[in-house]
Every structure is written in structure tokens, then in C-alpha cells.
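Below is one structure; the comments refer to it alone.
In this note's numbering, the protein residues as written are 101 to 374.
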């Protein structure tokens, strides 16, 4: 086998509470990650040239900052080479976890391609060094998360279809977490409290104030079903019981925004070797 193809699924935060801030500056959170059946596709192939060659459609991230390259460097044997193609669908700065999911897929793909047999806990620990959201994608299961995102409990969520709207702005997570008006002391809740409706996204108020387009998208989508922002934005979403209802709403998304439908999944599809 000379290559492996992996789906790097997008995620939604079905809620996001900021419960505190540690002395090192990291914020502690509670959230529920819902994986989607939509995302990027990574193809990783062996190369006779040592090192990492990346083709990602020119997304414009400097090589030293690119999470795919940084992840590959963590595992690739020193004398080996890979060519990585990323079919990029997940928008940057949208709160859908694209960079983190790509990093996780890279770790999983290189581990499988070179038969390294790295324990999943070790891969998740490597992923955490790259970003707080990487471990959930490494483990590949929708999950309840606490801490800075590293304490994960797998959750099987009921089947739902989602309409996701990107209002056309790029939001840097760092800007939101450093905003002086961000709520940082939300009390922890139980999973049963979430399912009873006692939840929100603590970042949403800050984002709506700074980016009116996110507010406008929430108001528009909220006409059809309760709408919420995912992550630190900019994407917003609403849940529907079936694909037909979701597609009818997605077809009405205003032309200045990007809208799509996706199905919630509990497990990431398995990699395909070739």
C-alpha cells in the first residue's frame, strides 16, 4: 500500500460554555462536539523524496504555521517522504474545526501508512500540542468535552440534519478569547441539563457585537429553527429532523452567504488504503 485517503470531518459545537481561565492563559470549557458527514479530504502518499510536500489548493497559510505540515513532522520517520493533497472544503475562520481536523487526519494517515501503531492516547496527546480541538478528531467520535478540550467522553447523538450558514467573514479565535467582555465564569452543567435546553455559546455575544453579519445570519436562520453559532464563529447552524426540511431551508440562504446541509455522524469514516 502506497497511500491512504481520509475524510477530515467538520464539527459543530452544539453548545460552548467558558467555565474559567487557567494561570497559563488557556480557557476551560464545556462543549458537545457533533461530527458531520461533510469536510475536507486528505490523500497521503509515500514519496521517494524525503520530507513533506503539501498541495492544499493555495489556502495561503505559511508553511511553518500550517497544521498539516506541523502534524506530519510529529510522526513522519526522518528518512521518509510523503506527498499530501488536501481537498479543502471547510472554510477557514468558520468555527467548523477545519485546521484541527486536517491535523488529526494527517496524524492518523501517516501512522497507518507507515504502520507505526502509535496508541490512540499518544496520538491524541500529540494532537493537543497542535490545538485544543485536535484530540476529538483524532479519536473520531462525537463527544462531550471539558478542560481545554482534552477531556473527552464519547456520545452517541440522535440522527439530525443541519443547515450551516457562513456569513462571509473570517474570525480569529484569539481575538474572541482576549475580548474583555467575554463571559469566563459560566457554571458547569450536566449532560442532562444540556438536553433540557440549558445551554448557549458564550462566545456568540462577543462575535455578534464585532461582526454584525454573524448576527444577521443568526436572525435569518432563526426564522426556521433555533440557531446557534459554532465555535468562535463565523458559521451558524440549525438542526432539523430530516434531510428534506434542511435542504429546503438551505436553498433559501441569501446569495451573499454560503449555505449547505450536512448530516450529524457519531463516528468518522475509516481511512482507505490504496
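We put the CB at the ideal spot given by N, CA and C, even for glycine.
Which residue's Cα is closest to the Cα of residue i: the options?
i	options	result
residue 308	270, 114, 204, 119	270
residue 372	131, 145, 119	145
residue 304	284, 230, 290, 183	284
Within a Cβ cutoff of 7 Å, which residues of the same chain sit near residue i, ignoring the five residues on either side of it in sequence?
i	result
residue 350	263, 359, 360, 361
residue 133	111, 113, 236, 242, 243, 245
residue 272	193
residue 171	203, 206, 207, 230
Going along the chain, which residues of its own chain have a beta-carbon closer than 6 Å to the beta-carbon of residue i, five neighbours each way excluded?
i	result
residue 223	207, 238
residue 174	226
residue 299	115
residue 365	135, 137
Return helix, strand or coil for residue i, following the three-state DSSP convention.
i	result
residue 234	helix
residue 246	strand
residue 257	coil
residue 196	coil
residue 352	coil
residue 111	strand
residue 330	coil
residue 278	coil
residue 209	helix
residue 125	coil
Between which residues of its own chain and residue i is the CB-CB distance below 8 Å, once the five residues before and five after are set aside?
i	result
residue 374	101, 102, 103, 104, 105
Quiz item: How about the segment 251-260 and the segment 205-219: do they share at least three Cβ pairs that are nearer than 8 Å?
Solution: In short, these stretches do not touch, since the Cβ pair count stays below three.
Quiz prompt | Runs of alpha helix (DSSP H) lying entirely within the segment 289-319, each at least 4 residues, in chain order | solution = For the segment 289-319, whole alpha helix (DSSP H) runs of length 4 or above, ordered along the chain, are 291-295, 304-310.
Self-check item: Stretch pair the segment 212-219 + the segment 185-192: three plus CB contacts closer than 8 Å
Solution: Cβ pair count under 8 Å is below three, so no.
Quiz item: Can you find at least 3 beta carbon pairs, one from the segment 321-336 and one from the segment 193-202, that sit closer than 8 Å?
Solution: Contact holds: three or more Cβ-Cβ distances are below 8 Å.
Quiz item: Quick check: the segment 151-159 against the segment 106-118, are there 3 or more CB pairs under 8 Å?
Solution: Not touching, per the Cβ criterion.
Quiz item: Where in the segment 144-181 do unbroken runs of the beta strand (DSSP E), each at least 3 residues long, occur, reported from the N-terminal end onward?
Solution: If only complete runs of 3 or more residues are kept, the segment 144-181 shows the beta strand (DSSP E) at 151-155, in order along the chain.
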